[in-house]
Amino acid sequence: MIKKFTLGNPINTEAVVLKADSHSVDTFPFEHRIEDGKFIFEFSMESSDIIYGLGEAPRGINKRGWIYESFCSDDPFHTETKSSLYAAHNFLMMQGSKNFGIFIDFPAKIRWDIGYTHEDKTVVTIDGTDFDIYFIDDNKPIDIVKEFRYAIGKSYIPPFWAFGYQQSRWSYPDETAVDAVIDGYDKANIPLDCVYLDIDYMERYKDFTVDSEKFPDFAGYVKKKKEQGIHLIPIIDAGVKKETGYKIYEEGLINDFFCKKSDGPVFEGGVWPGIVGFPDFLNKEVREWFGSKYKILTDMGIDGFWNDMNEPAIFYSTTGLENALNKAKSLEGENLDLSKFFELKDTFTGLSNNPADYSSIYHNIDGKMVCHDKVHNIYGANMTKAAGEYFEKEFGKSKILMFSRASYVGAHRSSGIWFGDNHSWWSHILLNLKMLPSANMCGFLYCGADLGGFNENATRDLVLRFLALGVFTPLMRNHAALGTRNQECYNFDNSDDFKDIIEVRYRLIPYLYNTFCKASETNDMIFRPLAFDYPDDKLARECETQLLLGDECMICPVYEQNVNGRYVYLPEDMTYVKLSGTNVETRFMEKGIHYIDVALNEVPLFIKKGKKVPLCKPAMRTSLLDVENLEYIEG
Ligand code: GLC
Numbered sequence: 002m003i004k005k006f007t008l009g010n011p012i013n014t015e016a017v018v019l020k021a022d023s024h025s026v027d028t029f030p031f032e033h034r035i036e037d038g039k040f041i042f043e044f045s046m047e048s049s050d051i052i053y054g055l056g057e058a059p060r061g062i063n064k065r066g067w068i069y070e071s072f073c074s075d076d077p078f079h080t081e082t083k084s085s086l087y088a089a090h091n092f093l094m095m096q097g098s099k100n101f102g103i104f105i106d107f108p109a110k111i112r113w114d115i116g117y118t119h120e121d122k123t124v125v126t127i128d129g130t131d132f133d134i135y136f137i138d139d140n141k142p143i144d145i146v147k148e149f150r151y152a153i154g155k156s157y158i159p160p161f162w163a164f165g166y167q168q169s170r171w172s173y174p175d176e177t178a179v180d181a182v183i184d185g186y187d188k189a190n191i192p193l194d195c196v197y198l199d200i201d202y203m204e205r206y207k208d209f210t211v212d213s214e215k216f217p218d219f220a221g222y223v224k225k226k227k228e229q230g231i232h233l234i235p236i237i238d239a240g241v242k243k244e245t246g247y248k249i250y251e252e253g254l255i256n257d258f259f260c261k262k263s264d265g266p267v268f269e270g271g272v273w274p275g276i277v278g279f280p281d282f283l284n285k286e287v288r289e290w291f292g293s294k295y296k297i298l299t300d301m302g303i304d305g306f307w308n309d310m311n312e313p314a315i316f317y318s319t320t321g322l323e324n325a326l327n328k329a330k331s332l333e334g335e336n337l338d339l340s341k342f343f344e345l346k347d348t349f350t351g352l353s354n355n356p357a358d359y360s361s362i363y364h365n366i367d368g369k370m371v372c373h374d375k376v377h378n379i380y381g382a383n384m385t386k387a388a389g390e391y392f393e394k395e396f397g398k399s400k401i402l403m404f405s406r407a408s409y410v411g412a413h414r415s416s417g418i419w420f421g422d423n424h425s426w427w428s429h430i431l432l433n434l435k436m437l438p439s440a441n442m443c444g445f446l447y448c449g450a451d452l453g454g455f456n457e458n459a460t461r462d463l464v465l466r467f468l469a470l471g472v473f474t475p476l477m478r479n480h481a482a483l484g485t486r487n488q489e490c491y492n493f494d495n496s497d498d499f500k501d502i503i504e505v506r507y508r509l510i511p512y513l514y515n516t517f518c519k520a521s522e523t524n525d526m527i528f529r530p531l532a533f534d535y536p537d538d539k540l541a542r543e544c545e546t547q548l549l550l551g552d553e554c555m556i557c558p559v560y561e562q563n564v565n566g567r568y569v570y571l572p573e574d575m576t577y578v579k580l581s582g583t584n585v586e587t588r589f590m591e592k593g594i595h596y597i598d599v600a601l602n603e604v605p606l607f608i609k610k611g612k613k614v615p616l617c618k619p620a621m622r623t624s625l626l627d628v629e630n631l632e633y634i635e636g
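Heads up, the sequence shown is in our numbering, so the first residue is 2 and it goes up one at a time.
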């Protein structure tokens with residue numbers, strides 16, 4: 002049963018597609034109050050209750066014991082001390098003494114104190130009094146998720162080739178660099194389907210331009226790569242460079258398409274290209290305009306994009322920078338003591354993603370000026386909607402690969418997400434794993450993290466272990482930051498180990514693609530916490546390092562350095578399968594705790610009794626896979 006409670010005049014976020022009657026929030030089942038213009042509600046938790054949800058967020062699968070915030074944030078340090086990442090996925094559910102789910106459809110800040118202030122209490126503070134809350138009451142966790150997912154509409158399905166292995170880096174700036182990547186993979190006999198174009202393919206970081214010195218005949222080049230079976234995936238950033246003569250900026254300006262300041266002028270912020278205008282994606286006309294610009298690249302044969310910096314990330318605003326520079330000038334020649342020095346330093350570090358800047362941005366929603374603070378969490382989702390709406394109209398479903406950094410529930414109907422700028426840290430393998438079921442609950446099925454880690458230098462063993470988890474994530478992309486060690490598989494010693502891992506992915510693609518489409522069709526999850534299926538099993542309930550995959554499997558990546566395996570908990574008898582290249586080793590194992598050996602070139606998988614998983618032969622491209630002739634591994 003799903004029930005909608007409404008207070009005030011909610012902004013239409015288009016997150017929910019189900020038409021439901023509104024009930025007064027007075028009848029909302031939890032204790033609630035309004036304080037300082039905020040709506041606060043709370044519920045108590047017994048010690049064994051599990052709280053899931055919040056999609057792409059820090060910390061565990063079980064969200065208890067922390068304060069989270071729904072506030073899309075450009076933050077490249079995904080430590081456990083953070084409260085938000087790039088997305089706002091306002092779905093929470095409890096399993097245990099009571100089973101229920103809550104979705105808060107509200108595009109501004111929400112604070113979720115889940116047993117932080119009081120261990121036995123969740124206190125949710127909505128930063129306003131105009132919202133819808135959907136309350137879902139059902140017996141089983143998976144039914145709660147399915148009901149929620151039914152209400153928010155079916156998840157995006159990417160093209161089949163988007164299940165291939167993808168290589169990215171900031172940046173492969175020109176044809177020579179891209180060719181070297183393809184060549185490197187081909188020579189090492191490692192499968193590959195996509196190569197990414199990060200910001201340097203553009204002319205001075207201008208959206209929808211291609212630097213003609215780096216790519217003299219871009220359309221011809223894209224075509225040649227397609228003939229090699231490789232898709233090039235360019236990045237698109239939210240901000241449009243301010244430059245005289247740059248058509249997109251000038252069109253945006255003439256048509257009043259950029260976000261404004263309260264007193265009328267365009268809000269100017271600095272991102273990669275320097276000063277940009279931020280398209281007002283909350284305005285339908287702007288969405289249509291911006292969406293149609295992707296045509297510039299699709300006309301050149303491009304069939305996949307990643308939307309970035311759309312929280313939106315603002316390195317500085319012109320006003321903020323001016324104030325900071327004035328402050329610095331005023332202190333010139335002074336003897337800076339502790340407080341003065343740090344005040345100056347903080348003025349500069351505080352320039353980025355500054356709350357005062359966000360508060361000074363205004364949107365035109367149906368002719369009304371609305372402060373950004375009220376709609377912050379749907380800005381990026383609307384950028385992606387702009388693209389998604391255009392792609393669907395122009396090409397139909399599942400033709401264009403699209404995923405975004407910032408997101409809000411609803412964007413899952415037209416795109417996937419990636420989990421942003423993680424680190425080459427062992428702990429981030431587990432963080433990746435933990436986000437998967439949470440993202441699935443919120444409708445985001447096509448997702449994945451930067452495999453190998455984005456920031457800092459990766460070690461060979463870390464990349465291998467990361468990839469062994471990535472074998473199962475719908476988006477399997479290796480991506481690394483500017484200035485870090487080369488992270489392409491062929492650049493490491495003994496690249497055959499990488500080939501062994503990535504070939505396993507290609508062998509599993511028919512199974513993974515089928516599981517994905519089924520999950521989208523039936524509003525199911527691809528990845529589930531063990532507690533969903535074994536609610537009465539204490540070890541399953543507490544498990545944060547393994548996931549159920551589809552109806553058949555359990556996955557359990559190795560996530561520590563200098564180990565040759567890991568402990569794994571089997572909530573029932575299963576078959577342990579070790580996959581490596583074309584090798585398949587199986588061993589029956591009884592319910593319980595086991596230590597399993599996993600070499601660096603092996604992918605561990607468990608198959609439930611009576612279930613089977615198809616494998617095809619590996620191939621260098623998804624287009625070369627023979628998906629008809631399958632062999633089966635039986636559990
Ligand atoms: C952002 C993105 C990252 C990209 C970089 C340069 O940090 O999250 O993936 O490589 O910008 O475009």
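Even glycine gets a Cβ: it sits at the ideal position worked out from N, Cα and C.
Nothing here was measured: the structure is a model prediction, and the numbers come from that model.
Note the first and the last residue of the continuous alpha helix (DSSP H) segment covering G471.
Element bounds for G471: R461 to G471.
May I have the straight-line CA-CA distance separating S25 from I134, to the nearest angstrom?
So the two alpha carbons sit approximately 10 Å from each other.
Going residue by residue through the segment 565-629, where are the continuous alpha helix (DSSP H) segments of at least 4 residues, counting only ones entirely within it?
Qualifying alpha helix (DSSP H) stretches: none in this window.
Can you tell me whether DSSP reads S293 as helix, strand or coil?
DSSP places S293 in helix when its eight states are reduced to three.
Does DSSP classify F219 as helix, strand or coil?
F219 falls in the helix class under three-state DSSP.
Check whether the Cβ atoms of P619 and E504 lie closer than 7 Å to each other.
Result yes, Cβ atoms of P619 and E504 sit closer than 7 Å.
The ligand GDP heavy atoms versus the CB of D309: any closer than 6 Å?
No copy of the ligand GDP appears in this structure; the ligands present are the ligand GLC.
Between the beta-carbon of M95 and the beta-carbon of I68, is there less than 7 Å?
Their beta carbons are not under 7 Å apart, which means M95 does not touch I68 by this criterion.
Could you check where the alpha helix (DSSP H) with M477 kicks off and where it finishes?
Counting along the chain, M477 falls outside any alpha helix (DSSP H), though it belongs to the beta strand (DSSP E) covering M477 to N479.
Report all residues from its chain with a CB closer than 8 Å to the CB of F259; omit the five preceding and five following residues, and keep chain order.
Contacts found: V241, G253, V267, F268, G278, F279, P280 and D281.
Measure from the alpha carbon of R406 to the alpha carbon of each residue in P192, S416 and I145, then state which is nearest.
It is S416.
Quick one: Cα of F40 to Cα of D106, how far?
Whole-angstrom Cα-Cα distance: 13 Å.
So the alpha helix (DSSP H) V182 belongs to, where does it begin and stop?
Run containing V182: E176 to K188, per the alpha helix (DSSP H) assignment.
What residue from N456, F473 and T460 has the CA that sits closest to G449's CA?
G449 has its Cα closest to that of F473, out of N456, F473 and T460.
Count the other CB atoms within 10 Å of the CB of G368; is the residue buried (16 or more) or exposed (fewer)?
So G368 counts as exposed.
Need the endpoints of the beta strand (DSSP E) that H377 sits in, please.
Element bounds for H377: n/a, residue is neither H nor E.
Using DSSP with H/G/I as helix, E/B as strand and the rest coil, what is T7?
Note: T7 maps to strand in three-state DSSP.
Determine the burial state of Q168: buried for a count of at least 16 other Cβ atoms within 10 Å of its Cβ, exposed for fewer.
Q168 comes out buried.
For a quick check, are the C-beta atoms of G129 and A88 less than 7 Å apart?
Not in contact: G129 and A88 (Cβ atoms no closer than 7 Å).
Three or more C-beta pairs closer than 8 Å, one from the segment 459-470 and one from the segment 146-153: is that the case here?
No, they do not touch.
Counting only runs that start and end within the segment 294-359, where is the alpha helix (DSSP H) found for 4 or more residues in a row?
Complete alpha helix (DSSP H) runs here, min 4: 319-332 and 339-350.
Which of the three DSSP states, helix, strand or coil, is assigned to N456?
In this structure, N456 counts as strand in the three-state DSSP scheme.
Please classify E489 as buried or exposed, where buried requires at least 16 other C-beta atoms within 10 Å of its C-beta.
Buried.
Where P174 and Y202 are concerned, what is the direct C-alpha to C-alpha distance, given to the nearest angstrom?
If you take the alpha carbons of P174 and Y202, they lie about 5 Å apart.
Just the Cα atoms here: how many angstroms apart are F343 and Y447?
The straight-line gap from Cα to Cα measures roughly 43 Å.
Given a cut-off of 7 Å on the beta-carbon distance, is the pair S521 and K296 in contact?
Their beta carbons are not under 7 Å apart, which means S521 does not touch K296 by this criterion.
I need the straight-line Cα distance from F78 to N584, nearest angstrom please.
F78 and N584: Cα-Cα distance of roughly 38 Å.
Anyone know if the C-beta pair for M621 and P192 falls short of 7 Å?
Cβ distance < 7 Å, so M621 and P192 count as in contact.
I'd like to confirm something about I200: is its beta-carbon nearer than 6 Å to some heavy atom of the ligand GLC, or not?
Correct: I200 has its Cβ closer than 6 Å to the ligand GLC.
What would DSSP say about K386, mapped onto helix, strand or coil?
DSSP places K386 in helix when its eight states are reduced to three.
For chain B, find out if any of its Cβ atoms is closer than 7 Å to the Cβ of L193; answer yes or no.
Judged by its chain identifiers, the structure shown contains no chain B, having just a single protein chain.
When you compare the segment 333-342 with the segment 425-433, are there three or more beta-carbon pairs, one atom per stretch, that lie closer than 8 Å?
Segments in contact, no.
Considering only C-alpha positions, which residue in the set N355, Y633 and I35 is nearest to V578?
Measuring from the Cα of V578, the nearest candidate turns out to be Y633.
Given a threshold of 16 other Cβ atoms within 10 Å of its Cβ, counted over all protein chains shown, does K207 qualify as buried or as exposed?
Buried, since its Cβ has 16 or more Cβ neighbours within 10 Å.
By the three-class DSSP mapping on this structure, what secondary structure does C544 have?
Three-state result, C544: coil.
What distance in whole Å lies between the Cβ atoms of Y512 and P615, which are believed to be in contact at a cut-off of 8 Å?
With 8 Å as the limit, P615 and Y512 qualify as a contact, their Cβ atoms being about 5 Å apart.
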